[in-house]
DNA sequence: TTTAAAGTTCGATAACTATCGAACTTTATG
DNA sequence: CATAAAGTTCGATAGTTATCGAACTTTAAA
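Residue numbers (this note's numbering), protein chains in the order written: chain H, 294 to 397; chain B, 294 to 397.
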């Protein structure tokens, strides 16, 4: 990953609330993942109603939370897909790996 | 490390030029470290004339570079100590470890 | 002691960011 | 169709950041 993109990723994680949001998504995805592995499935589907859940956890307006989701998506850290009224959210493993491998 | 401090570390790395600066320092420290290990010394002393070197690599004014050094120090990523006219710079391993372990 | 080199601090400016509430769109349901 | 739920977009505002050059301090050297 180029330095420019890596800086973008760091910028996305540089806001306290956004970092909290990401950790929220990330930890749930990790949980789902290990559950999926135990069930013999290769990979988790992502977490459901991510926005709704986030609204319950963060003390911010919906518009601000929407903004933070966009920022995480623009940085390539997560991917969101609509499912009816709510949306499904997945962590982008390559980006996470890029951050991890940044420091050897 | 608390989320607040972790966010500060990410903020320090969120500027493209500052990230470049950090990578510069970090990679040199890694080099010094492996050199020190081969020589049977436990740990490297850090890199000399870090500011001067940075001025040669980054196309920014000295005042801006000074500012970026301060930001990296405030985030706890590096430590600088004066040595006569120049200064010696070290990477703070705990902070780096915190970033690394952030994503398991 | 004068001069130079290495950084720092200050003040200004332009650009970006976080946040909100209000108004909107889209999807589902009675 | 009317209503509600789930998000999005917009415009405003207050705060933060990156950057520079000029003036400064501190350390070393002639």
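Note that beta-carbon positions come from the ideal geometry of N, C-alpha and C, so glycine has one too.
Predicted model only: the values in this text are computed from it and were never measured.
Chain-ordered chain H contacts of residue i [CB-CB under 7 Å]
i                      : result
residue 297 of chain B : 309
residue 353 of chain B : In chain order: nothing, as chain H lies at least about 15 Å away.
residue 317 of chain B : Residues of chain H passing the Cβ test: none, with the nearest at roughly 11 Å.
Terminal residues of the alpha helix (DSSP H) in which residue i lies
i                      : result
residue 323 of chain B : 309 to 331
residue 358 of chain H : 355 to 367
residue 348 of chain H : 343 to 350
residue 298 of chain B : 296 to 305
Beta-carbon proximity check, residue i vs residue j, cutoff 8 Å
i                      : j                      : result
residue 396 of chain B : residue 392 of chain H : yes
residue 296 of chain H : residue 365 of chain H : no
residue 343 of chain H : residue 382 of chain H : yes
residue 384 of chain H : residue 322 of chain H : yes
residue 374 of chain B : residue 345 of chain B : no
residue 303 of chain H : residue 320 of chain B : no
Beta-carbon separation (whole angstroms), residue i vs residue j, contact threshold 8 Å
i                      : j                      : result
residue 347 of chain B : residue 358 of chain B : 5 Å
residue 300 of chain H : residue 312 of chain B : 5 Å
residue 388 of chain B : residue 370 of chain B : 5 Å
residue 350 of chain B : residue 324 of chain B : At roughly 15 Å, the Cβ-Cβ gap does not stay under 8 Å, so residue 350 of chain B and residue 324 of chain B are not in contact.
Contacts of residue i in chain B (Cβ-Cβ under 8 Å)
i                      : result
residue 312 of chain H : 296, 299, 300, 303
residue 370 of chain H : Under the 8 Å cutoff, chain B gives no residues; its nearest Cβ is about 11 Å from residue 370 of chain H.
Limits of the beta strand (DSSP E) - the one that residue i falls within
i                      : result
residue 383 of chain H : 379 to 384
Cross-chain neighbours of residue i in chain B, by beta carbon under 7 Å
i                      : result
residue 393 of chain H : 393, 396
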